[in-house]
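Residue numbers (my numbering): 848 to 1082.
Cβ coordinates follow ideal geometry from the N, Cα and C atoms, glycine included.
For clarity, every value in this text was computed on a predicted model and none was experimentally measured.
One structure is given below, encoded as structure tokens.
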DNA sequence: ACACGCCCCTGTTAGC
DNA sequence: TGCTAACAGGGGCGTG
């Protein structure tokens, strides 16, 4: 084990397990590990005897003959050493507000959007504006709020920002209750599929009728990402 | 500061 | 049936 890693981890207790946006972190007294699962990563606790399989990249040795195993087929994920205050340094320090934290509301969103001409969806996906919103929930929140994904962010009046902030919080909270959205790989911590996919209004439903108005759901490419939306409900 | 496009990589699936 | 191309949930970085 590299010396710095050894000095931080070996024999020492994990003081904190945390999350900021989509980054996870494990914190020891002298440093921490940032972990991001990217699009296809997973962390599982496995017995020592379980042999590593294809795409298993890292084991953290735990007490009781267990291991925390990081797997990431697509390698869009990340494990990186950081200091003892991971929240205080990039990339975590650069993240915008947590959408489910107290104080996240339309006023905060309006302030972040002010003067910006980029499409509102692009800003929702930008962690520096709001932390942790991915493509699925950006699409869903915009639909729920009745906002066109390509509308210049700065053109949204405050009341629409209020509605959008509320939609973001509702969609995320509901998705968490349902155990997340399993399209293919994603599993809950318990290894089960997440059931929010059944509740998606537009994401992955190109050509199907909008659940609000019946018009066919569109899928346009915006900033290189699939963008599902209803051209009647979302203005 | 901001907007935009491209890149990383592998696996699955749609289409021919 | 088998091959190829397109696409996928994310984020960082370079350019203008």
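Extent of the continuous alpha helix (DSSP H) to which residue i belongs
i: residue 883; result: Counting along the chain, residue 883 falls outside any alpha helix (DSSP H), though it belongs to the beta strand (DSSP E) covering 879-883.
i: residue 960; result: 953-960
i: residue 853; result: 850-856
i: residue 970; result: 967-971
Reduced DSSP category for residue i - H, G, I as helix; E, B as strand; rest coil
i: residue 1067; result: strand
i: residue 1047; result: coil
i: residue 987; result: helix
i: residue 940; result: helix
i: residue 1013; result: helix
i: residue 1002; result: helix
i: residue 837; result: With the chain covering only 848 through 1082, there is no way to say anything about residue 837.
i: residue 893; result: strand
i: residue 1034; result: coil
i: residue 899; result: coil
i: residue 1007; result: helix
According to DSSP, residues forming a beta bridge with residue i
i: residue 1042; result: 1028
i: residue 1073; result: 1068
i: residue 996; result: The partner list for residue 996 (beta bridge, DSSP) is empty, contrary to what the question assumes.
i: residue 1018; result: Its beta-bridge partners do not exist; DSSP assigns none.
i: residue 1056; result: 1063
i: residue 927; result: 881
Between the CA atoms of residue j and residue i - distance to the nearest angstrom
i: residue 988; j: residue 1011; result: 7 Å
i: residue 902; j: residue 1004; result: 47 Å
i: residue 1009; j: residue 949; result: 14 Å
i: residue 1039; j: residue 891; result: 12 Å
i: residue 985; j: residue 1015; result: 8 Å
i: residue 904; j: residue 961; result: 42 Å
i: residue 1061; j: residue 992; result: 17 Å
i: residue 870; j: residue 943; result: 13 Å
i: residue 1026; j: residue 1035; result: 6 Å
i: residue 1064; j: residue 1078; result: 8 Å
i: residue 897; j: residue 915; result: 11 Å
i: residue 921; j: residue 1049; result: 26 Å
i: residue 947; j: residue 974; result: 14 Å
i: residue 1071; j: residue 981; result: 13 Å
i: residue 977; j: residue 899; result: 36 Å
i: residue 918; j: residue 1001; result: 40 Å
i: residue 933; j: residue 1059; result: 43 Å
i: residue 1024; j: residue 951; result: 19 Å
i: residue 1053; j: residue 906; result: 40 Å
i: residue 938; j: residue 1066; result: 31 Å
i: residue 862; j: residue 849; result: 21 Å
Cβ separation of residue i and residue j, assumed to be a contact under 8 Å, to the nearest whole Å
i: residue 885; j: residue 924; result: 4 Å
i: residue 966; j: residue 1069; result: 6 Å
i: residue 995; j: residue 1076; result: 7 Å
The beta strand (DSSP E) enclosing residue i, as first and last residue numbers
i: residue 863; result: 863-867
i: residue 977; result: From DSSP, residue 977 is part of no beta strand (DSSP E); its letter is neither H nor E.
i: residue 935; result: It is not in any beta strand (DSSP E) - residue 935 carries neither H nor E in the DSSP assignment.
i: residue 914; result: 913-918
i: residue 874; result: 870-874
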